[in-house]
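Chemist:
Chains as they are written, first to last, in the numbering used here: chain A, 4 to 380; chain B, 4 to 380.
1) Just checking: is the beta-carbon of residue 302/A within a distance shorter than 8 Å of some beta-carbon in chain B?
2) Starting from residue 356/B and walking both ways along the beta strand (DSSP E), at which residues does that stretch end?
3) Output needed in chain order: residues of the segment 292-326 of chain A with a Cβ under 7 Å from some Cβ in chain B.
4) In three-state terms, what does DSSP make of residue 370/A?
5) Got a sec, what are the start and stop residues for the beta strand (DSSP E) residue 125/A sits in?
6) In the DSSP assignment, the beta strand (DSSP E) including residue 174/A goes from what residue to what residue?
7) Look at residue 95/B and residue 296/B and say whether their C-beta atoms are less than 8 Å apart.
8) So which residues on chain B does residue 108/A lean against when the C-beta distance must stay under 8 Å?
9) When you check each C-beta in the segment 34-59 of chain B against every C-beta of chain A, which residues fall closer than 9 Å?
10) From residue 264/A to residue 348/A, what does the alpha carbon distance come to, in whole angstroms?
11) Could you tell me which chain B residues have their CB closer than 7 Å to the CB of residue 364/A, listed as they occur along the chain?
12) Does residue 18/B pass the burial test, meaning 16 or more other C-beta atoms within 10 Å, or should it be called exposed?
13) For residue 50/B and residue 80/B, what's the separation of their Cα atoms in angstroms?
14) How do the segment 162-176 of chain B and the segment 192-201 of chain B stand: do at least 3 beta-carbon pairs fall below 8 Å, yes or no?
15) For the segment 249-257 of chain B and the segment 136-144 of chain B, state whether three or more C-beta atom pairs, one from each stretch, are separated by less than 8 Å.
16) Taking the DSSP output, what are the residues bridged to residue 348/A?
17) For residue 243/A, which three-state DSSP category applies?
18) Tell whether a beta-carbon distance below 8 Å holds between residue 78/A and residue 100/A.
19) How is residue 336/A classed by DSSP in three states: helix, strand or coil?
20) Skipping 5 residues on each side, what residues in its chain have a beta carbon closer than 6 Å to that of residue 102/A?
21) Could one say the Cβ of residue 354/B lies closer than 8 Å to chain A's Cβ atoms, at least one of them?
22) Could you have a look at residue 85/A and say whether DSSP puts it in helix, strand or coil?
23) Apart from the five residues just before and just after residue 177/A, which ones in its own chain have a Cβ nearer than 7 Å to its Cβ?
24) Between residue 235/A and residue 72/A, what straight-line distance do the alpha-carbon atoms span, to the nearest angstrom?
25) Starting from residue 223/B, trace the alpha helix (DSSP H) both ways and give me its first and last residue.
26) Taking 6 Å as the limit between beta carbons, can you name the residues of its chain near residue 135/B, skipping five residues before and five after?
27) Are the CB atoms of residue 269/A and residue 156/A nearer to each other than 8 Å?
28) Measuring only between beta-carbons, confirm whether residue 376/B sits less than 8 Å from chain A.
29) Using a Cβ cut-off of 8 Å (strictly closer), state whether residue 3/B contacts chain A.
30) Please state whether the Cβ-Cβ distance between residue 337/B and residue 328/B is less than 8 Å.
31) I'd like the span of the alpha helix (DSSP H) that includes residue 302/B, first residue to last.
32) Would you decide whether residue 378/B is buried or exposed? Buried here means 16 or more other CB atoms lie within 10 Å of its CB.
33) Less than 8 Å between the C-beta atoms of residue 88/B and residue 74/B, yes or no?
34) Chain C partners of residue 360/A, CB-CB under 9 Å?
35) Using the Cα positions of residue 179/B and residue 65/B, report the straight-line distance between them to the nearest angstrom.
36) So the candidates are 305/A, 149/A, 206/A and 368/A; which of them puts its Cα closest to the Cα of residue 182/A?
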């Protein structure tokens, strides 16, 4: 098993190298019309001077250097990813033939590390989060990395919830681990997106954290977990990175059969639920600001608002308008008698969306496909 | 008095020439961002292949030929008006130094006719109306022209109201004039914009018509009416078109002192109210479709709607959207969960406006002025 093999390779006590694995496979249909098939959200400059991908990498470089960054993305975005990250070694951009959610993506990176490095601490992070308090993030990740090695555990970062959000999964914390790792707990249970009533109870109770989707573990440990709980995937991907040529063909063959499943559901939840298991799931309570930029509705938190709750990138002229979210860097937008509306400008298409319908922007892409207006996708 | 002078000039029974006077002085701030200070509504292609001004002229040419078209506009628009109407003699574009509402505009044209033609039947029409049933319009105008000569009356066209509109003035019809002129009545009273309750009563009663702002009269008759009820204006404008040079200076001097007043309030209403008066006010009931294009809210009537009541120029993708009014000829507009919203696209600015606030688009221009964003005006 991977665990044994790697431990054979490393003398005990030798600290493992750290690798950051950036999951950049998203399509970002909820950010139409700014994000298109060819340019998904994580490749866009949505706030600040860096794209979300660039900002994510820069946050992690101090923990593991440019030479230990891995980016997993889909074939159609590989060139743009390399263009945005010239300091990341070309062969560190791992290209998925097709997107298959987070479990295969993580397995792919774990296999690469096993093949090319032996073992390492993997810091796994989505490419499309906005985190301002970078030092706090890195501090939390250092604690998580220590836990991951000290206890061979699968560590996730849990965000102190700031509101009763129904769009996130929640982590119920269990027993505290030890004094050395403050804010660290064994995970009692994972909860899927809750009802509003339940979300309020979670926030009030103080025993639940948002599931950030940021993970830390040893490659060997996550591979072992996959072999146990997701054997199809580990078997399919075993050896895809072997030195032998024809890697691309091997990848395409392997991915054809892979299930599209998240690491939370396929690995974290069963490991947590398991009575006896060689590995356990831990959570580190994170206190940094965190925004998963799930949709345009999340932007006011990032951009800030005026007194009427209007948030904008670009010049706006609001007249008796409240709660507007406007992204229009190039053209002036005047709003008259508008309430809680999202307005997104782009060179060839425009979006007007009720704020409480931000998730449904996906539907637009589907309709465009059906109507054959593919140039807008 | 003008009446006498003209009747001296013309042998009785000789039919007068017909002149169409197009009032093109509007600024159209309610049509921002498509209409700007430099390009007001009437100079825009809002529906069909002609601008509102071009369409207005073309509707009237069959009644009085290109050589009998007069257009009154402000100095800043004169060049564009001449560009849009190459077949109108250059000297037939009468330039107002400043806009002073309809009374001075009409007086100016009447003086021109008195000076250059002697007398004529004036068909006065705003440049920014949309009328599809052109033949019916001309038929109505022929009846009005006959009335204007037969009775030396000031004739207005009254539109059969199709709804309880509170944005228009109403004309209360009185006694029917005679058999020869079907649908012709002496005017009992003019009513300003009514309350909704009153508007409903007007429509139900069948004795009230919309005041179209389209008038027919002899130049000599309207000049006589102005001399009696608006002496300052007639005195100020007397002789501005005299053959002597320095016409522009005379105009500027004259306009400096002119009141900004509408012909309805300054002439039609007092003439109607007057006990004894050499001239009377008549109305011809018009049955053609008529839209004064007062604001973007009026466009669905002109463009037509889909089943959800969405009206658009350009490609739209509505998702659970109703009552949207979209003008975006160049870019696709997707709407998600939007209700009764006006969306107007333009190269450098964008308007999002609640439909029941269409009148308040004016405020945007004021704010732009205050904020020094004049390039958007």
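Just so you know, even glycine gets a beta-carbon here, dropped at the ideal spot from N, CA and C. The model shown is predicted, which means the values in this text are computed figures rather than measured ones.
Modeler: Reading it off the structure:
1) So, not an interface residue.
2) 352-357
3) 320 and 322
4) helix
5) 124-129 is the span of the beta strand (DSSP E), which, as asked, contains residue 125/A.
6) 173-179
7) Result no, Cβ atoms of residue 95/B and residue 296/B do not sit closer than 8 Å.
8) The premise fails here: residue 108/A is roughly 30 Å from chain B at the closest Cβ pair, so nothing lies under 8 Å.
9) Along the segment 34-59 of chain B, going in chain order, the ones with a CB nearer than 9 Å to a CB of chain A are 35 and 36.
10) 33 Å
11) 339
12) Under a 10 Å Cβ-count criterion, residue 18/B is classified as exposed, with fewer than 16 other Cβ atoms of the shown protein chains found around its own Cβ.
13) 20 Å
14) Yes: at least three Cβ pairs fall under 8 Å.
15) no
16) 353/A
17) coil
18) Yes; because the gap between Cβ atoms is below 8 Å, this pair is in contact.
19) In the three-state DSSP reduction, residue 336/A falls in the strand class (E or B).
20) 28 and 77
21) Chain A contact via Cβ: present.
22) Helix at residue 85/A.
23) 188, 189, 190 and 191
24) One Cα belongs to residue 235/A, the other to residue 72/A, and the distance between them is close to 27 Å.
25) 222-232
26) 292
27) no
28) yes
29) The question about residue 3/B has no answer here: the residues shown for chain B are numbered 4 through 380.
30) Cβ atoms of residue 337/B and residue 328/B: not closer than 8 Å.
31) 302-306
32) Burial is judged here by how many other beta carbons sit within 10 angstroms of a residue's own beta carbon; residue 378/B has fewer than 16 and is exposed.
33) yes
34) The chain labelled as chain C is not found among the protein chains of the depicted structure, namely A and B.
35) 28 Å
36) 149/A
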